[in-house]
Amino acid sequence: MIISKKVEFSASHICRSPVLSDEDNFRVYGAAANPLGHGHNYVVEVAIVGEPDPVTGMILDLKRLKEILEVKVLDVYDHRLLNGEVEPFDRIVPTVENIAIDIWNRLVAKIDDTGRARLYSVRVHETNELFVEYRGE
Amino acid sequence: MTVSLSRKYTFCASHRLHSSALSDEANRAIYGKCNNPNGHGHNYEVELTVHGQVDAVTGRVVALEMLDRLAEEQILTPLRHRNLNQEIDAFRTAVPTTENLAFEIDRRLRSVWKCFFGDSGPTLETVRIWETERNICEIAVIR
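Top to bottom, those sequences are chains A and B. Per our numbering, the very first residue in the first sequence carries number 282; after that it's consecutive. Per our numbering, the very first residue in the second sequence carries number -18; after that it's consecutive.
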C-alpha cells in the first residue's frame, strides 16, 4: 500500500550553470536563468510504501512522517535562496529535477529507519503546470 | 539517475460525439448530451510525462523549451480553437472521444519524438488528457 503526504515550501533559485556561457544559460533555462533569481511555492508529495501494522492500521505514524518532513525538508528549504543556502546547490543547478533527487536523498535513510515503511517516490511541483517524480532509480 | 517530469498544456476545441455506424437513437443513448448535432466545446488540458536521465551539467531531464515547441507544433497549434470532427483528419472517421483524442495526441508526439530528442534522449512515458475536471484519460508506457 502507498500513502502520500504533501508539504509546501517557498524558495528562490537561479538556474545557471557555471560551465555554460551566458547565452547558453538563457537558451537552456529561459527566464529562469535571470542572475538575480526568482521564486516558487513548491509543493512536495512524498509517497511511502509498506504494509499497515495489524494493530495500529498504519504504515507509518503520520505525525512521525510530518516531523521528518519538517526537519529534513522544510527547515532546510523554506524561505531560502537554494543556490547559496542549501547544499548541494552550491555545486549543481537547482532545477526541479535536482530538487526532487536531493529531497529523496535527505529522506530515504530516515524513512527506512522507521521500520515498516520505505520511501516510494518524491514528487516536486514547481508550478501548476510542471512537476517531477523521482523513485530513487 | 532517472526522473519523470510532467508538464501541462491547455487548448480549447469543439466536438460532437456521434458514430455513423450507430443509429441516431443508439448515438443518443451512448453519448447523451455530447451527441447534440450542433456540437459543444471543452477546455482541454494535456499533461505530458517525460522520463530519462538528468543531465549532469544542466540538471535537466528534457529541454523544456523543446518540449514546449513540440507541444505547440504537434498539439496546440493544430487543435486550438478547432472543430475536431470537421477540421482534424483523424476525426473524420474516428469519434473524438477523450480516449481517441489521447491516441491521436500520443501518435502525433511519437511520430516526431526521435527527430526532436534523438535515440538517447528522454522517452515519452504518459499522455494524460482532462476533458473536464472529472473526465480524464491516460495513455501510459509501463516501466
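The C-beta atom is built at its ideal place from N, Cα and C for all residues, glycine as well.
Anticipated Cβ contact below 8 Å, Ile56/B with Val27/B, distance rounded
Residue mapping note: residue 56/B aligns to position 75 of the second sequence, counting from 1. Residue mapping note: residue 27/B aligns to position 46 of the second sequence, counting from 1. Between Val27/B and Ile56/B the Cβ distance is about 6 Å, and since that is below 8 Å, they are a contact.
Separation of Ser291/A from Thr107/B, as counted between CA atoms
What you label residue 107/B is simply residue 126 of the second sequence in a count that begins at 1. What you label residue 291/A is simply residue 10 of the first sequence in a count that begins at 1. Their Cα atoms are separated by approximately 28 Å.
Would you kindly work out how many angstroms separate the C-alpha atoms of Ala71/B and Glu6/B, rounded to a whole number?
Reading the second sequence from its first residue, position 90 is the one you call residue 71/B. Reading the second sequence from its first residue, position 25 is the one you call residue 6/B. Taking the straight line joining both Cα atoms gives about 24 Å.
Starting from Gly22/B and walking both ways along the beta strand (DSSP E), at which residues does that stretch end?
As a first step, residue 22/B must be located in the second sequence, where it is residue number 41. Run containing Gly22/B: His21 to Gln34, per the beta strand (DSSP E) assignment.
Kindly indicate if chain A contains any beta-carbon less than 9 Å away from that of Leu105/B.
Along the second sequence, one-based indexing puts residue 105/B at 124. Taking Cβ atoms only, chain A never reaches closer than 9 Å to Leu105/B, which makes this a no.
For Leu400/A, which of helix, strand or coil comes out of DSSP?
Taking the first residue of the first sequence as 1, we reach residue 400/A at position 119. In this structure, Leu400/A counts as strand in the three-state DSSP scheme.
Alpha-carbon to alpha-carbon, Arg345/A and Val357/A:
Here residue 357/A refers to the residue found at position 76 when the first sequence is read from its first residue. Here residue 345/A refers to the residue found at position 64 when the first sequence is read from its first residue. Between Val357/A and Arg345/A, the C-alpha separation is close to 18 Å.
Helix, strand or coil for Gly311/A, going by three-state DSSP, please let me know.
Locating residue 311/A in the first sequence gives position 30, where the first residue counts as 1. The answer is helix: DSSP assigns Gly311/A an H, G or I state.
Around the C-beta of Gly99/B, are 16 or more other C-beta atoms found within 10 angstroms, so that it is buried, or is it exposed?
Translated into the one-based positions of the second sequence, residue 99/B becomes position 118. Label assigned to Gly99/B: exposed.
Is Asp383/A near the ligand ADP, with its Cβ less than 8 Å from a heavy atom?
Here there are no bound small molecules, and the ligand ADP is not part of this structure.
Counting C-beta neighbours from all protein chains within 10 Å, is the total for Arg(-12)/B 16 or more, i.e. buried, or is it exposed?
Stepping through the second sequence from its first residue, residue -12/B is reached at position 7. Arg(-12)/B is buried by the Cβ-count criterion.
Answer yes or no: does any C-beta atom of chain B fall closer than 9 Å to that of Ser298/A?
Numbered from its first residue, the first sequence carries residue 298/A at position 17. Answer yes: the Cβ-Cβ gap between Ser298/A and chain B drops below 9 Å somewhere.
Taking beta-carbon pairs under 8 Å, can you tell me which members of the region 44 to 60 of chain B lie near chain A?
Ala44, Leu45 and Glu46
Cβ neighbour criterion (16 or more within 10 Å) applied to Leu317/A:
Taking the first residue of the first sequence as 1, we reach residue 317/A at position 36. Flag for Leu317/A reads exposed.
Please say whether Asn24/B and Asn16/B have beta carbons closer to each other than 9 Å?
As a first step, residue 16/B must be located in the second sequence, where it is residue number 35. As a first step, residue 24/B must be located in the second sequence, where it is residue number 43. Going by C-beta atoms, Asn16/B is not nearer than 9 Å to Asn24/B.
Would you be able to state if there are at least three C-beta pairs under 8 Å between the region 331 to 350 of chain A and the region 405 to 417 of chain A?
no
Looking at the secondary structure, which residues open and close the alpha helix (DSSP H) in which Cys96/B lies?
Taking the first residue of the second sequence as 1, we reach residue 96/B at position 115. Counting along the chain, the alpha helix (DSSP H) containing Cys96/B begins and ends at Thr79 to Phe98.
Is the distance from the Cβ of Ile384/A to the Cβ of Val327/A below 9 Å?
Counting from 1 along the first sequence, the entry for residue 384/A is found at position 103. Counting from 1 along the first sequence, the entry for residue 327/A is found at position 46. Yes, the Cβ-Cβ distance between Ile384/A and Val327/A is below 9 Å.
Interface residues of chain A around Val(-16)/B at Cβ under 8 Å?
Reading the second sequence from its first residue, position 3 is the one you call residue -16/B. Ordered by position in chain A, the residues that pass the 8 Å Cβ test against Val(-16)/B are Glu378, Ala381, Ile382, Val413, Glu414 and Tyr415.
Beta bridge counterpart(s) of Leu411/A as assigned by DSSP:
For the purposes of this step, residue 411/A is taken as the residue at position 130 of the first sequence. In DSSP, Leu411/A forms a bridge with Thr408/A and Arg(-12)/B.
Terminal residues of the continuous alpha helix (DSSP H) containing Asn8/B?
Within the second sequence, residue 8/B is the residue found at index 27, counting from 1. That run of the alpha helix (DSSP H) goes Asp5 to Tyr12.
Distance, Val374/A Cα to Val(-16)/B Cα
Taking the first residue of the second sequence as position 1, residue -16/B is located at position 3. Taking the first residue of the first sequence as position 1, residue 374/A is located at position 93. Straight-line Cα distance between these residues: approximately 15 Å.
Distance between Leu341/A and Lys353/A (C-alpha atoms, nearest Å)
Locating residue 353/A in the first sequence gives position 72, where the first residue counts as 1. Locating residue 341/A in the first sequence gives position 60, where the first residue counts as 1. Approximately 17 Å between the Cα atoms of the pair.
Near Glu119/B, which residues of its chain fall below 8 Å by C-beta distance, leaving aside the five closest residues on each side in sequence?
Within the second sequence, numbered from 1, the residue matching residue 119/B stands at position 138. Cβ neighbours of Glu119/B beyond the five flanking positions: Ala83, Thr107, Val108, Arg109 and Ile110.
Against chain B, does Val336/A count as a neighbour if the rule is that its beta carbon must be under 9 Å from one of theirs?
Position 55 of the first sequence, counting from 1, holds the residue named residue 336/A. So, not an interface residue.
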